[in-house]
Every structure is written in C-alpha cells, then in structure tokens.
Amino acid sequence: MGFDLQTSVSALTVFFQGLLSFFSPCVLPLVPLYLSYLAGGAPEAALDKAARRRTLLNTFFFVLGISFAFFLLGMGFTALGQFFSRYRTAFTVAGGIVVLLMGVWQLFFGGISTKELRLPFRLDKWAMGPIPALVMGFTFSFAWTPCVGPTLTSVLLLAGSSDSRVLGFVLIGVYTLGFVLPFLLVGLFTGQMLRFFRSHMNWLKYTAKAGGALLILLGVLMISGKMSSFTGYLAGLGSGGTSSTSSSVVQQEESSSQAEPDTSEPASSPDSASSSSAASDSQPEEQTVPAIDFSLQDQFGNTHTLADYEGKTILLNFWATWCGPCQQEMPDLQALYEEWGENEGDLVVLGVAAPKAEDSLYPADNKSAEEIAAWLDEQGYTYPVLMDTTGELFLSYGVYSFPTTFMIDTDGNVFGYLSGSMTREIMDSIVEQTMTGERVAG
Numbered sequence: 003m004g005f006d007l008q009t010s011v012s013a014l015t016v017f018f019q020g021l022l023s024f025f026s027p028c029v030l031p032l033v034p035l036y037l038s039y040l041a042g043g044a045p046e047a048a049l050d051k052a053a054r055r056r057t058l059l060n061t062f063f064f065v066l067g068i069s070f071a072f073f074l075l076g077m078g079f080t081a082l083g084q085f086f087s088r089y090r091t092a093f094t095v096a097g098g099i100v101v102l103l104m105g106v107w108q109l110f111f112g113g114i115s116t117k118e119l120r121l122p123f124r125l126d127k128w129a130m131g132p133i134p135a136l137v138m139g140f141t142f143s144f145a146w147t148p149c150v151g152p153t154l155t156s157v158l159l160l161a162g163s164s165d166s167r168v169l170g171f172v173l174i175g176v177y178t179l180g181f182v183l184p185f186l187l188v189g190l191f192t193g194q195m196l197r198f199f200r201s202h203m204n205w206l207k208y209t210a211k212a213g214g215a216l217l218i219l220l221g222v223l224m225i226s227g228k229m230s231s232f233t234g235y236l237a238g239l240g241s242g243g244t245s246s247t248s249s250s251v252v253q254q255e256e257s258s259s260q261a262e263p264d265t266s267e268p269a270s271s272p273d274s275a276s277s278s279s280a281a282s283d284s285q286p287e288e289q290t291v292p293a294i295d296f297s298l299q300d301q302f303g304n305t306h307t308l309a310d311y312e313g314k315t316i317l318l319n320f321w322a323t324w325c326g327p328c329q330q331e332m333p334d335l336q337a338l339y340e341e342w343g344e345n346e347g348d349l350v351v352l353g354v355a356a357p358k359a360e361d362s363l364y365p366a367d368n369k370s371a372e373e374i375a376a377w378l379d380e381q382g383y384t385y386p387v388l389m390d391t392t393g394e395l396f397l398s399y400g401v402y403s404f405p406t407t408f409m410i411d412t413d414g415n416v417f418g419y420l421s422g423s424m425t426r427e428i429m430d431s432i433v434e435q436t437m438t439g440e441r442v443a444g
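Below you can see the structure in the form of structure tokens.
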C-alpha cells in the first residue's frame, strides 16, 4: 500500500548526499555516542599504530550498524520490515542495555587488565572489536531516526517497488558509503590528535572515563524511552531551530498493528513525478487499513477529528520545526492548501506536530505548542497544524522519520504513505492517485 512515481537518480548524487548528511544536525545525536565509543580505545590508539587501524575498522562497523536505519526505511512494510517495526521498542531497549554495558566497562573497568579481572578472554579486545561495534551501531539505529531529504526519498521509493527493489537497496548502500566516510575521517583525525597528546596520557585516561559516563547516560535514555527528547534538544542546538535532524520513536507493538499501511514506499524524485508500478506489487491483495482517528487542536485552537472530513481526501503530514526536509516542502503544502480551497474543497491538508510537553510519549519537537504556533505565524503558514501533545498519534502511525506523509481516501482508509521530503510534483501525483484510487502504472 503506497505510491509509485517513476524516478531516476544517479549513484554519484546519492553518494554525495550521504557524504553531506554528516554535516547535518540530523546526524548530531550520533556524534556523542561515536566519540564516546572511540574514547574507550583512546590510550591504546595513541601508542600503537595497529590500534589506530583497529579504531578505523571499528568505526566502519559501528557506522555500518547505525546505517541499518536506512535499510529499515527501505524495507517499508515487507514481512521483514514489519518484524523489525513491531519489535522496535524491544530492539531499542536491547540497544540501550548494550550501550549501558559498554559505558560501565569504559568507566569502571577500562583501566584494569584482563589478568587482574581473572577472565579467560580479552574483554578489552572484545569491547572494542568490530562485532561489538556493529552490534552497538545496529541496536542504536532503532533509537535514531534519520530525516529524509528528496534524494534519499527517491532511493527509498525504488527500494519499495518490486520492479526496482534491488537497485533501490544498492543505492541505499551507496548512500551508506557516503555516510560512513566522514566518520572514518573523524576517526583518522582523532588518531592524529591522540598522537599530538601522547605526552599527556593522563588526559586520555580521563577522556575514556568521560566517554564511558556519556555512554551510560545514552543507554539509560534509550531504555527509558527518553532518547527522543535528547536528540530533539541536540538537533535544536545544531540547527538553531531551522535545520534537520531525527528523533527516535519508541513504537508500541499495538500501535504498529493499528497503523499497518502495507506500503512499498513511493518512488519520487526532485526532477520527476510520473508513473510507475503499483507499490503493492509485493502483495497479492491490497489490504484496507482504516485511518486512525484523532481529536486534536490546531495552532488556532480549532479542534479537528477524522469524522469532520468524511468523504474528503486527507493529506496528513508529520513534521518538526527543526527538520530541514520538512521545511523544504512546507511552502508547497501551503500552496496546495490554498489552491484546493483551504480545506473547504475535496482535499484537506493537515500538518501534525508533537510539541515539547511533560507527559508526552513522543516529544518530537523541541518547541512547545505555543512556540510552534508562533513559528508558523512568523513563516506565514496558515494550513492547520494539529498539536499532538501526548505523542500518541505519532506512535499510532509508526512515524519513523521526518517528514512522513499519509494519504487518507474518501472512505477513511489509509491509501498510502511516503517517508521523506516531497516536491510539488510528488504532492500533486499522490493526491491524484488517492482521489482516483488508481496507482499510476509504469
């Protein structure tokens, strides 16, 4: 259940987008974890050239594990994708335990030899080895949700169609390669800095301890489900409130089964929005999934429910103020809202934000409802934005990344969804597909 738009995207473009994503606040929540992990092997890396090579190898596996988040998005709602989605909370908690244990090791046992601990194996080598690095990155990928710009959107959509799935996943690999390289360079630069500080080995000892303490903090945040608040805060610092990042979703199993749009994700491109095969090619039959009801107030204090728009097509756009790709598409959403009669016609355009609130299950934004309303007013956006102050709607729809858009047909069923930033052509296409009930055929 999804959209298909014929797309072409060059591998070189995808590679450079992966490369540039490192410099986005989207990646900022990864940096403390990454540097803390490197700190665990800092003293050895400063003295031993072979150890520095191992650091680069561990870095590669660590970032490769984190990059599973991209492949998870590409899986959509295939059987494997649904499995990981359904048990996302369990994987997040497991990841938190792994990160916590790594932090305990670095903080309390990092300076103690294996012989002193009387262990039959080299715990220090295991803790800083490629496999643990891969495991820690993999488990953390469930607590970190990438923001998705137009280029990665088109790649994910290729992966979502049975006709282009192999190509899509190859391009996700190319994106991942670009994503990994800056981390490797940082690891190399870290080695250079460590050599510079060789005469200050006591400092390095304390950096390892500080890294261990931060790992413990991150592990506790993952286990408690508070990682989204932390990542949103870091994103706000890194972007000045205007760029992109990700926020972790602690998805409930029951929520996953409720909002189970069996999608292959749409195939979009900034340059083209024509037709292709149905996104449900992998499914023998199209499933009807009722949209999850809601009753939320917008920035003007007006209450909106799903029943209010019975018989109309609804575009439901989940976003955050600090998400750059979200902001890129908002002018087009405003134009779409105005051209279709400001929700008085056949199309209803609704945004959904998850403001910062004490009792929110998913505080996706680092601004309060009042601050979001003020921000919308400053930007000149007048289409209704629903304030999901509890985070329940985000969780119920299983939002993995920002932005994410759901299309609801006139019967109140989810027609499809799209993860990533949309161009105006893509918006027009998914609206037409939902209204006609026909996915474009390629």
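According to our numbering, the sequence shown is numbered sequentially starting from 3.
Just so you know, even glycine gets a beta-carbon here, dropped at the ideal spot from N, CA and C.
Buried or exposed (CB count within 10 angstroms, at least 16 for buried), residue i
{"i": "V101", "result": "buried"}
{"i": "P292", "result": "exposed"}
{"i": "L2", "result": "Since the first residue of the chain shown is 3 and the last is 444, residue 2 is not available in this structure."}
{"i": "F181", "result": "buried"}
{"i": "P327", "result": "buried"}
{"i": "F110", "result": "exposed"}
{"i": "S257", "result": "Legend: pLDDT at S257 = 36, less than 50; position of this residue unreliable, no value from coordinates given."}
{"i": "D361", "result": "exposed"}
{"i": "A366", "result": "buried"}
{"i": "Q108", "result": "buried"}
{"i": "L352", "result": "buried"}
{"i": "G20", "result": "buried"}
{"i": "G347", "result": "exposed"}
{"i": "V401", "result": "buried"}
{"i": "T290", "result": "exposed"}
{"i": "F144", "result": "buried"}
{"i": "L14", "result": "exposed"}
{"i": "L301", "result": "Note that residue 301 is Gln in the sequence shown, not Leu. Q301 should be labelled buried."}
{"i": "P333", "result": "exposed"}
{"i": "A135", "result": "buried"}
{"i": "G214", "result": "buried"}
{"i": "I133", "result": "exposed"}
{"i": "V168", "result": "exposed"}
Same chain, Cβ closer than 7 Å to residue i, neighbours up to 5 away in sequence not counted
{"i": "F72", "result": "P148, I174, Y177, T178"}
{"i": "A371", "result": "P357, M389, T391"}
Coil, strand or helix - residue i by DSSP
{"i": "T406", "result": "strand"}
{"i": "T384", "result": "coil"}
{"i": "M332", "result": "helix"}
{"i": "R120", "result": "Caution is warranted here: a pLDDT of 43 is assigned to R120, below 50, making its placement in the model unreliable, and no coordinate value can be reported."}
{"i": "L352", "result": "strand"}
{"i": "F320", "result": "strand"}
{"i": "P134", "result": "helix"}
{"i": "P184", "result": "helix"}
{"i": "T412", "result": "coil"}
{"i": "T391", "result": "coil"}
{"i": "F199", "result": "Caution applies to F199, whose pLDDT of 49 falls short of 50 and renders its modelled position unreliable; the model cannot decide the point."}
{"i": "T290", "result": "coil"}
Other residues of its chain near residue i: CB distance less than 6 Å, five sequence neighbours each side excluded
{"i": "A212", "result": "none"}
{"i": "T406", "result": "F320, S421"}
{"i": "I316", "result": "V350, I410"}
{"i": "G313", "result": "T412"}
{"i": "R56", "result": "none"}
{"i": "W342", "result": "L349"}
{"i": "T384", "result": "none"}
{"i": "T307", "result": "S297"}
Cβ distance (whole Å) where residue i is taken to contact residue j below 8 Å
{"i": "F396", "j": "F296", "result": "F396 to F296, Cβ: 11 Å. No contact."}
{"i": "Q435", "j": "R441", "result": "5 Å"}
{"i": "F142", "j": "G97", "result": "5 Å"}
{"i": "Y36", "j": "F64", "result": "7 Å"}
{"i": "I225", "j": "I99", "result": "7 Å"}
{"i": "E331", "j": "M424", "result": "5 Å"}
{"i": "L363", "j": "G382", "result": "Not quite, the Cβ-Cβ distance comes to about 31 Å (not below 8 Å), so this is no contact."}
{"i": "I68", "j": "G139", "result": "4 Å"}
Host alpha helix (DSSP H) of residue i (start-end)
{"i": "V95", "result": "90–106"}
{"i": "T15", "result": "13–23"}
{"i": "V433", "result": "426–438"}
Span of the beta strand (DSSP E) around residue i
{"i": "S297", "result": "297–299"}
{"i": "V416", "result": "416–421"}
{"i": "N307", "result": "Note that residue 307 is Thr in the sequence shown here, rather than Asn. Taken as a continuous stretch (DSSP letters only), the beta strand (DSSP E) holding T307 covers 305–307."}
Close Cβ partners of residue i (< 8 Å) along its chain, the five nearest in sequence each way excluded
{"i": "T305", "result": "S297, L298, Q299"}
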